[in-house]
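Worksheet for the structure shown next.
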Amino acid sequence: MSEIESVKELNADRFSSEEVDRFSDPGEARKTAMGYLARREYGQHELEQKLLAAGFAAVTAKETIDKLTGEGLQDDRRFIDNFAQSRISQGKGPVRIRQELGERGLDAGLIDEVLEDVAEDWFALARYVRHKKFGPGLPREFKERARQMRFLQYRGFESGQVQEAFSPHGDH
Numbered sequence: 717m718s719e720i721e722s723v724k725e726l727n728a729d730r731f732s733s734e735e736v737d738r739f740s741d742p743g744e745a746r747k748t749a750m751g752y753l754a755r756r757e758y759g760q761h762e763l764e765q766k767l768l769a770a771g772f773a774a775v776t777a778k779e780t781i782d783k784l785t786g787e788g789l790q791d792d793r794r795f796i797d798n799f800a801q802s803r804i805s806q807g808k809g810p811v812r813i814r815q816e817l818g819e820r821g822l823d824a825g826l827i828d829e830v831l832e833d834v835a836e837d838w839f840a841l842a843r844y845v846r847h848k849k850f851g852p853g854l855p856r857e858f859k860e861r862a863r864q865m866r867f868l869q870y871r872g873f874e875s876g877q878v879q880e881a882f883s884p885h886g887d888h
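As C-alpha cells, this is what we get:
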C-alpha cells in the first residue's frame, strides 16, 4: 500500500472522498505552500511540517517543496538571511540566532555560512544592546555587572562579545 493510499484510508471516515483526494493533489499542496510563502519565508523543514499539519501526504509535501525550491520560490539560504537580519534588529546575538534556526530544522553548516556572510559586527551590537538596555555608564558593582552580562548571554552573545560590551574603549 502506498503512502497516499494509506492517507486516504486513514482519513476516509473523517473526510469526503473529494477532500481525501485533495490531500494527495500536488496542485493543492502547491497552492497551500504558496499561501504560506506569500505571508513570510519558510525553511524547507518548517514548510514541510506546515503541509503535513494541513493533512497532505509526506510524499506530496516533499515533492511540492522540492519543486518550489527548484523554482527559487523557497530558499533556505534566503530564509536564514532574512531571519538573521530580523533577529539582529531585535538585538539578538549569533548564539541565539543559531539556536533558533537549528530548532527550525535547518542545516548547521548552512546557518554558519550565512551568518558569516551577514558581516555583522557582533561586538558593536553587544555594546549597543547593553547601552540601550542599561544606559551609557559602565556598572561599578560586581552584582550589577554580572546581571548585565547574564542579559547579554541570554540575548545570545558569545563570552568575548559580552566582555567587549564592558570595555571602556569599545575596540575589539
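For the working numbering, count along the sequence shown from 1 and bump the result up by 716.
For glycine and all other residues, C-beta sits at the position ideal for the given N, C-alpha and C.
Proximal residues to residue i (C-beta, below 6 angstroms), its chain only, five neighbours per side dropped
{"i": "ILE781", "result": "GLN760, LEU763, GLU764"}
{"i": "THR748", "result": "ALA770"}
{"i": "LYS766", "result": "TYR752"}
Sequence-distant residues of its chain with Cβ nearer than 7 angstroms to residue i (five each side left out)
{"i": "ILE796", "result": "LEU817, LEU822, LEU826, ILE827, VAL830"}
{"i": "ILE813", "result": "ALA800, ARG803, LEU831, GLY872"}
{"i": "LYS808", "result": "ARG871, GLY872"}
{"i": "ALA881", "result": "ALA842, ARG843, ARG846, LEU868"}
{"i": "LEU854", "result": "PHE882, PRO884"}
Three-way DSSP call (helix, strand, coil) for residue i in this model
{"i": "PRO742", "result": "helix"}
{"i": "SER883", "result": "coil"}
{"i": "ASP833", "result": "helix"}
{"i": "ASP810", "result": "In the sequence as displayed, the identity of residue 810 is Pro instead of Asp. In the structure shown, PRO810 sits in a helix (DSSP, three-state: H, G or I)."}
{"i": "ARG755", "result": "helix"}
{"i": "LEU826", "result": "helix"}
{"i": "GLY821", "result": "coil"}
{"i": "GLU874", "result": "coil"}
Inter-residue Cα distance where the pair is residue i and residue j
{"i": "SER742", "j": "PHE772", "result": "What sits at residue 742 in the sequence shown is Pro, not Ser. Their Cα atoms are separated by approximately 9 angstroms."}
{"i": "LEU841", "j": "GLN864", "result": "14 angstroms"}
{"i": "PHE839", "j": "SER805", "result": "14 angstroms"}
{"i": "ARG856", "j": "GLN877", "result": "19 angstroms"}
{"i": "PRO852", "j": "LYS859", "result": "17 angstroms"}
{"i": "ALA824", "j": "VAL834", "result": "15 angstroms"}
{"i": "ARG746", "j": "ASN798", "result": "22 angstroms"}
{"i": "LEU789", "j": "ARG861", "result": "46 angstroms"}
{"i": "THR776", "j": "GLN815", "result": "29 angstroms"}
{"i": "GLY786", "j": "GLU836", "result": "29 angstroms"}
{"i": "ASP791", "j": "GLU874", "result": "28 angstroms"}
{"i": "GLN848", "j": "LYS783", "result": "In the sequence under discussion, the amino acid at residue 848 is Lys, which differs from the Gln named in the question. Approximately 44 angstroms between the Cα atoms of the pair."}
Residue i, enclosing alpha helix (DSSP H) - first and last residue
{"i": "TYR844", "result": "838-850"}
{"i": "LYS778", "result": "774-786"}
{"i": "TYR870", "result": "858-870"}
{"i": "PHE799", "result": "792-805"}
{"i": "GLU764", "result": "760-769"}
Distance between beta carbons of residue j and residue i, contact taken as under 8 angstroms
{"i": "ARG794", "j": "GLU819", "result": "Contact flag wrong, Cβ pair sits at about 19 angstroms."}
Cutoff 8 angstroms; reference residue i; Cβ partners in own chain excluding five residues on either side
{"i": "LYS778", "result": "GLU764"}
{"i": "HIS885", "result": "none"}
{"i": "LEU768", "result": "ALA774, ALA777"}
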